[in-house]
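Quick note, the sequences are listed as chains V and B, same order. As numbered in our numbering, the first sequence has no gaps in its residue numbers, which increase by one up to the final residue, 205. As numbered in our numbering, the second sequence has no gaps in its residue numbers, which increase by one up to the final residue, 1067. Contents: one structure, followed by commentary.
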Amino acid sequence: MSAANSLQVNEAMAAVADSRQGTTYGYKLDTNRLGLWLFLVSDSFLFGGLYVTRWYLLGGHRPDLNQMLGLIVTSVLLVSSFFMNRAETSIAHGDRRGMLINTAITLLLGVAFLVGVVGVEWRTAPFGPADGAQGSVFYMLTGMHAFHVFSGVLFLLVILRNGARGLYSADKHWAVEACANYWHFVDVVWIFYYPALYLIGTVVK
Amino acid sequence: MDNKKSAALREGVLVFLVLAVLTAIEYVIGVSVGTTWLLLLAVVKAVLVATYYMHIRRVLSSEEGGH
């Protein structure tokens, strides 16, 4: 085999190897996405069960809560989703600094949400967890949701640390995408919980 | 690349504004009437988040990769 032919064979083999590597990453990405969505669907059954409990126990009544505080914490979570979207968009276009800044803002807003619900609402609510159906419903629903927000904050810390170390790029940033999807999922859950807890029905006497 | 990024960021802003307006409408209706019809607004908001922020179409697409 001549040197020219040998070079051509080597180039062809390298192209095949690159192609395989690309396919492997694309395949992994697709299965990762499917796996994450399956997890989110399974998690939504948990939240759905609690949601049904709220309607079964309280029906056309709602817990005696501060509606303005509910609007504030809802707005904080909504704004956090906006910045999470910006973080993902930034890294998808190779802007690492933008990703880090927007992730940090999302993290702070997540902590602010936790402070608003657990630190303020739980303290100021005129009933405790053992005070009848409204106590059970309110503390269980917000507690389970707050637990997910807390785990989302931990996830944000992980991608913030890894992002600062330069582990993500425009081509490979699955962890950021997963974190963003998880965060938005937590927002979607609150989109349903907020009216059910703060707005719909008359206050429980 | 910059144009694509700007377009993606603009889309994020637009979706956020729609969600903010829907939340404000939801609050106003909620404090005055408190009807269960508010759940319809919640469904619209959830669909917006799932479509534009969670990119649900990516998982439904058969194309490999995406980034």
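Glycine is no exception: its CB is placed at the ideal position from the N, C-alpha and C atoms. Note that the coordinates shown come from a computational prediction; the quantities given were computed from them, not determined experimentally.
Residue i - DSSP class collapsed to helix/strand/coil
i	result
Arg62(V)	strand
Thr202(V)	strand
Ser90(V)	helix
Met84(V)	helix
Ala1050(B)	helix
Ser169(V)	coil
Ser42(V)	helix
Residue i - containing alpha helix (DSSP H), residue span
i	result
Gly132(V)	Gly132 to Ala164
Trp190(V)	Trp174 to Tyr194
Met99(V)	Arg96 to Leu114
Ser1032(B)	Asp1002 to Ser1032
Val118(V)	Note, Val118(V): premise wrong, no alpha helix (DSSP H); not H, not E.
Leu1060(B)	Ile1056 to Leu1060
Distance, residue j Cα to residue i Cα
i	j	result
Gly166(V)	Leu141(V)	37 Å
Ser75(V)	Ala1020(B)	8 Å
Gly119(V)	Asp187(V)	19 Å
Trp55(V)	Leu1040(B)	16 Å
Leu1022(B)	Leu199(V)	14 Å
Leu157(V)	Arg97(V)	15 Å
Thr31(V)	His173(V)	15 Å
Asn162(V)	Asp171(V)	15 Å
Tyr25(V)	Ile1025(B)	44 Å
Arg1057(B)	Ile1029(B)	32 Å
Val1018(B)	Thr124(V)	31 Å
Cβ shell of residue i (< 7 Å), same chain only, five flanking positions each side left out
i	result
Ile72(V)	Gly116
Ser90(V)	Gly98, Met99 and Asn102
Ala164(V)	Leu100
Residues of its chain near residue i, where Cβ-Cβ distance is below 8 Å and the 5 sequence neighbours each way are ignored
i	result
Tyr1052(B)	Glu1011, Gly1012 and Val1015
Met144(V)	Leu46, Phe47 and Leu50
Gly201(V)	Leu58, Gly59, Gly60, His61 and Arg62
Residues near residue i in its chain [Cβ-Cβ closer than 6 Å; skip 5 each side]
i	result
Ala87(V)	Met99, Asn102 and Thr103
Short CB-CB distance (under 8 Å) between residue i and chain D
i	result
Gly110(V)	No chain D is part of this structure, whose protein chains are labelled V and B.
Nearest-angstrom Cβ-Cβ length linking residue i and residue j, presumed shorter than 8 Å
i	j	result
Val189(V)	Arg62(V)	Wrong, their Cβ atoms sit about 18 Å apart, outside the cutoff.
Leu58(V)	Val137(V)	6 Å
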